[in-house]
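Number of protein chains: 2
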Amino acid sequence: MIKRIGEGTIEFDEDVIIESSVGVAGKDEKQGPLGEYFDITFDDDRLGQETWEKSESALQTTAVQALLKKTGISAKNIDIIFAGDLLNQCISSTFGLRDLKIPMYGQYGACSTMAQTISVASVFIASGAADRAIAVTSSHFCSAERQFRLPIEYGGQKTPTSQRTVTGSGAALITRGCSGTKIKHITAGRINDLNIKDANNMGAAMAPAAADTIKRFFTDTNTRPSDYDLILTGDLGKVGSKLLKELMEGEGCDISGQHNDCGCMIFDPSVQDVHAGGSGCGCCGSVFCSYIMQKLSKHELNNILFIATGALMSPTSSQQGESIPSIAHLVHLVNG
Amino acid sequence: MIKRIGEGTIEFDEDVIIESSVGVAGKDEKQGPLGEYFDITFDDDRLGQETWEKSESALQTTAVQALLKKTGISAKNIDIIFAGDLLNQCISSTFGLRDLKIPMYGQYGACSTMAQTISVASVFIASGAADRAIAVTSSHFCSAERQFRLPIEYGGQKTPTSQRTVTGSGAALITRGCSGTKIKHITAGRINDLNIKDANNMGAAMAPAAADTIKRFFTDTNTRPSDYDLILTGDLGKVGSKLLKELMEGEGCDISGQHNDCGCMIFDPSVQDVHAGGSGCGCCGSVFCSYIMQKLSKHELNNILFIATGALMSPTSSQQGESIPSIAHLVHLVNG
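Chains as they are written, first to last, in our numbering: chain A, 673 to 1008; chain B, 673 to 1008.
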C-alpha cells in the first residue's frame, strides 16, 4: 500500500485521491487574476465577525462547510480532520472547527501547512486509518499583520521584499478511489536555515527549503523537471521564486520552464499593491484547492508537484535575534 | 495492518512499539516525587541559554539527542519526527530540532501533543510510511508564563485552581518490533467546549474532552475501566481529575480505581507550591516517557490508557471573551 523510496519519499500504490476541494478568499483576492476560480469570495474581509481572528476562523468554517455541502457528506462521516494556521496556538483552526465535532489532529507548518495536512491525511487514508479525511488551512491579512508585524491601524510601510498575507482558506477531502486526481508521492520537508534574519523577506528564507525538498524528490523518484506539467511552490513570491530557480540551476536542475508560485499568481502586482506577492497558509491553500484542482479535474494539468513552504519563526524568536528556519513539504499529484 | 473499529478508534495488528523513550525535566520536577525516574534533569532551568524560549528549545534538543544516543541510532536514520509545543508558532520544536535535519511534520495539540505525536507516528510506522519515527514535545514554566500569563518577574499571584507548567520534555522512538511495549489502539480526540472561560482553571476546561475520548474508546473497543492497569490522563491536575471522575461516574463508568494524572503525580503539593498540580506538554511528556515507560518495560504496568488533554485557547482568544475549547487524544499500550 505504502512504500518508502529513496531517502525519504513515500509512494502510494493504493489510490489515494483528492475527491473534492474548496478554496475561499477575501476581497483583494477576488479582484486578483484568480478571482473567478475561488468557490466562495467575500466582499467584506470581516465576514461579519467582531475581530480579525474570528474572521479567519470563519474562513475555515466556510471552507469546510462548503466542502461538506459540495460532496454531500455530513461531518459525522469524516473520520479525521488535519487543520492548521499561522495564528498563535492555531486558534483559527480550533475555533473555526470546534462545532463540527470531527476528530482532529492540529498541524503546524506555518505556510507549508496545506501540503502538510494533505500529506498526513494521505497516509491515514492509504493505510486505512481513515476512510475520509479533510485537510484544511487558512490565513487572514489583518490577523497576520497584528500577529507578526503591526496592527493594520498603524499604517506601517512595507519593504519591497515583503509579501501580503492572503485572506483565504483551502479545504480538501482525501479519500480512496479509482478516478480523480491521485496523490502519488509525498516528501516531508527538513528544516533549512541559511541564517536569513529579515522577517520582511520570507521568500528568501524559504527558497532553500523548497530547493532541498524538490531535489530530494527528484533523486528519490529518479525524475526531472520536464517530467511534470507544473512545479508549484506555495508562497515564495517574486523574490523567493527567483532565488529558488537560481538555487536549482546551481545544482544543474533547471525548473524555470515548469515553475510557478501561488504567491505570484494570486495578485496582479501591476494594479495591486502587494510588493513581492502573496503569502500565508491561505495563499496556496485557496489557490491549490480552487484554481489548481479545477485545472487538474479538467485535465488541463495532469502531473504536478505542489510544494508549500513555511517560515518557522515567531515574532519572539525574531526579537531574540534568531534567524528564520524554513521547511517545505511536497505532494505529487497525477490524473489516473 | 490498520483497522478502524467502532466510531473512530484505530487498531494496529502490526506490532507498533515504543522502542525507547527519554524524559528530561527541570529543577522543581527533579525535587518532586518522580525526580529519580527522569533520564536527565537540570539544576538550572535556564540550561545555559539566554532566553526562556531558547531554554525550552534546549530541552527538546536534549531529549532527542539522549534518545538517539540511548538507542544508538543516528539522526539520518530517523525517517520522520513529529514535534510540537505550546509556544507561539511552535518555536521550541523548530529551533530545538533544526540542526538534526530530520524530516518533520509539526504538530499542535496544546498539552495533548505528546499523545498526538505518538498517535500520528504510530500510523506512519504501522503503514510502512516510516520505519523509525520520533514523537517529541516540551514545555517550560518560564516561557509558558510569559506566553500565556505574565512574565515571572512580575511575581503575579495564582489562583488555587491554576496549574504549574512543567519544565520538561519527552521523546519516544516508535518502530515496528515483536517485543516491547506495543501501541495497540489510538483514538483521536474531538473538540469539546463547555463554555469554561477561566484560563486559570484549565483542568475543568479539559476534563470534558478527556471524558468524551475515554467513553468513545470504551464503546469502540467494548472494554471497561477494570480491563486496564492504569488510566493516565495528561495534566488535568487536582481539579480536572476530580471533575473527570465525576463526569465518568455520571455516565455509569467508574474510573476511580484505575485513574491517575501526570499533573497530580509530578509534584508533591504538600511541600511544593504548585496549586492544582502540573501542566504543559512537558508534564505528561516527561512523566510518560520516563516513569511510565520504565514501569511498562519492567512489567509493573502491562495494559494502560494514556490520554493527554489540551486546552486549545490563546491569550488573544481569551482576551476576546472566548471560551476554552479542549481536546484529548488516547493511546492504548500493552506489553506483548
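C-beta atoms are modelled at their ideal positions from N, C-alpha and C, and glycine is treated no differently.
Tell me which same chain residues have a C-beta within less than 6 Å of the C-beta of methionine 920/A, skipping the five on either side of it?
Taken in chain order, the residues that qualify are Ala883 and Ile927.
Proximal chain B residues relative to lysine 675/A, where beta-carbon distance stays under 7 Å
In chain order: Gly800.
Answer yes if the region 951-967 of chain A comes into contact with the region 687-706 of chain A, meaning at least three C-beta pairs across the two stretches below 8 Å, and no otherwise.
Yes, the region 687-706 of chain A is in contact with the region 951-967 of chain A.
Name, in chain order, the residues that DSSP records as bridge partners for leucine 1005/A.
Under DSSP, the beta-bridge partners assigned to leucine 1005/A are Ile855/A and Ile976/A.
Please list, in chain order, the residues of the region 947-968 of chain B that have any C-beta partner in chain A closer than 8 Å.
Going along the region 947-968 of chain B in chain order, one finds no residue with a Cβ nearer than 8 Å to chain A.
Measuring straight from C-alpha to C-alpha, what distance separates phenylalanine 767/B and lysine 970/B?
Their backbone Cα atoms lie some 34 Å apart in a straight line.
Whose C-alpha, out of Ala807/A, Ser784/A, Gly704/A and Gly952/A, is nearest the C-alpha of threonine 847/A?
Minimum Cα distance to threonine 847/A is reached at Ala807/A.
Quick one: which chain B residues come within Cβ less than 8 Å of serine 986/A?
By Cβ distance, chain B contributes Leu759, Asn760, Gln761 and Ile763.
For glutamate 825/B, count the other beta carbons within 10 Å of its own beta carbon; 16 or more makes it buried, fewer makes it exposed. Which is it?
A residue is called buried once 16 or more other Cβ atoms fall within 10 Å of its Cβ, and glutamate 825/B, having fewer, is exposed.
Test: arginine 821/B CB closer than 7 Å to a CB of chain A:
Taking Cβ atoms only, chain A never reaches closer than 7 Å to arginine 821/B, which makes this a no.
How many Å lie between threonine 713/B and glutamate 923/B at the Cα?
Rounded to the nearest angstrom, the gap between the Cα atoms of threonine 713/B and glutamate 923/B is 41 Å.
Indicate whether threonine 885/B and aspartate 717/B have their beta-carbon atoms separated by less than 7 Å.
No, the pair does not count as a contact, with Cβ atoms beyond the cut-off.
What ranges does the alpha helix (DSSP H) occupy inside the region 883-928 of chain A, keeping only unbroken runs of at least 4 residues that lie completely in it?
If we require 4 residues or more, the alpha helix (DSSP H) runs fully inside the region 883-928 of chain A come out as 909-922.
Serine 958/A, enclosing alpha helix (DSSP H) - first and last residue
According to the DSSP assignment, serine 958/A belongs to the alpha helix (DSSP H) that extends over 953-959.
Which same chain residues end up closer than 8 Å to isoleucine 674/B when comparing Cβ atoms and leaving out the 5 residues on each side of it in sequence?
Only Ile682, Glu683, Phe684, Asp685, Glu686, Val795, Ala798 and Ser799 meet the Cβ criterion.
Cutting at 7 Å between CB atoms, please list the residues of its own chain near valine 1003/B, excluding the five before and the five after it.
Leaving aside the five residues that flank valine 1003/B on each side, the residues in its chain whose CB is nearer than 7 Å to its CB run, in chain order, Ala787, Ile790, Ser791, Ile855, Ile858 and Phe978.
Assigned exposure category for lysine 726/A - 16 Cβ within 10 Å defines buried:
Lysine 726/A counts as buried, since at least 16 other C-beta atoms from the protein chains shown sit within 10 angstroms of its C-beta.
Rank Cys925/A, Gly929/A, Ile903/A and Ile938/A by C-alpha distance to the C-alpha of glycine 909/A and give the top, closest one.
Nearest option by C-alpha distance: Ile938/A.
8 Å CB neighbourhood of glutamate 863/B in its chain, flanking five on each side removed
Inspection of the sequence shows that residue 863/B is occupied by isoleucine rather than by glutamate. Counting only Cβ-Cβ distances below 8 Å, and skipping sequence neighbours, we find Ala881, Leu984, Pro997, Ser998 and Ile999.
Entirely within the region 720-792 of chain A and at least 3 residues each: give me those beta strand (DSSP E) ranges in chain order.
Whole beta strand (DSSP E) segments, 3+ residues: 752-757 and 776-778.
Using a Cβ distance threshold of 8 Å, determine whether the region 895-908 of chain A contacts the region 696-708 of chain B, with at least three qualifying pairs required.
Too few Cβ pairs lie closer than 8 Å, so no.
Aspartate 771/B, buried or exposed, once every other Cβ within 10 Å from all chains shown has been counted against 16
Exposed.
Would glutamine 732/B count as contacting chain A if we go by Cβ distances under 7 Å?
Chain A, which has no Cβ nearer than 7 Å to the Cβ of glutamine 732/B, makes this no.
Distance, Cα to Cα, threonine 734/B vs glycine 781/A?
Spanning the two alpha carbons is a distance of roughly 22 Å.
Short check: CB of serine 951/B to CB of glutamine 819/B, under 7 Å?
A distance of 7 Å or more separates the beta carbons of serine 951/B and glutamine 819/B.
Out of Ala730/B, Thr831/B, Leu758/B and Lys773/B, which one is the CA nearest neighbour of aspartate 945/B?
Here the closest residue by C-alpha is Thr831/B.
How long is the line joining the alpha carbons of glycine 1008/B and aspartate 901/B, rounded to whole angstroms?
Whole-angstrom Cα-Cα distance: 15 Å.
Closest Cα partner of serine 989/A within the set Ala801/B, Gly756/B, Gln761/B and Gly678/B:
Closest by alpha carbon: Gln761/B.
Span of the beta strand (DSSP E) holding aspartate 933/A?
Its beta strand (DSSP E) spans residues 931-933.
How many whole angstroms separate the CB atoms of glutamate 679/A and arginine 888/A, which I take to be in contact at a CB cut-off of 8 Å?
At roughly 6 Å, the Cβ-Cβ gap stays under 8 Å, so glutamate 679/A and arginine 888/A are in contact.
Residue closest to cysteine 956/A, alpha-carbon to alpha-carbon, out of Pro987/A, Cys783/A and Leu845/A:
In terms of CA proximity to cysteine 956/A, Cys783/A leads the group Pro987/A, Cys783/A and Leu845/A.
If you measure beta-carbon to beta-carbon, which residues of the region 987-1003 of chain A are closer than 8 Å to chain B?
Hits within the stretch, in order: Pro987, Thr988, Ser989, Gln992, Glu994, Pro997, Ile999 and His1001.
Starting from the beta carbon of glutamine 779/A, find every residue of chain B whose beta carbon is closer than 8 Å, and list them in chain order.
Taking the beta carbon of glutamine 779/A as reference, the chain B residues within 8 Å of it are Tyr777, Gly778, Gln779 and Tyr780, listed in sequence order.
Contacts of phenylalanine 796/B in chain A (Cβ-Cβ under 8 Å)
What phenylalanine 796/B touches in chain A: Val795.
Run through the DSSP bridge pairs and tell me what alanine 843/B is partnered with.
Val694/B and Val808/B.
Which residue or residues does DSSP assign as beta-bridge partners of glycine 982/B?
Residue pairing by DSSP puts glycine 982/B in a beta bridge opposite Ile999/B.
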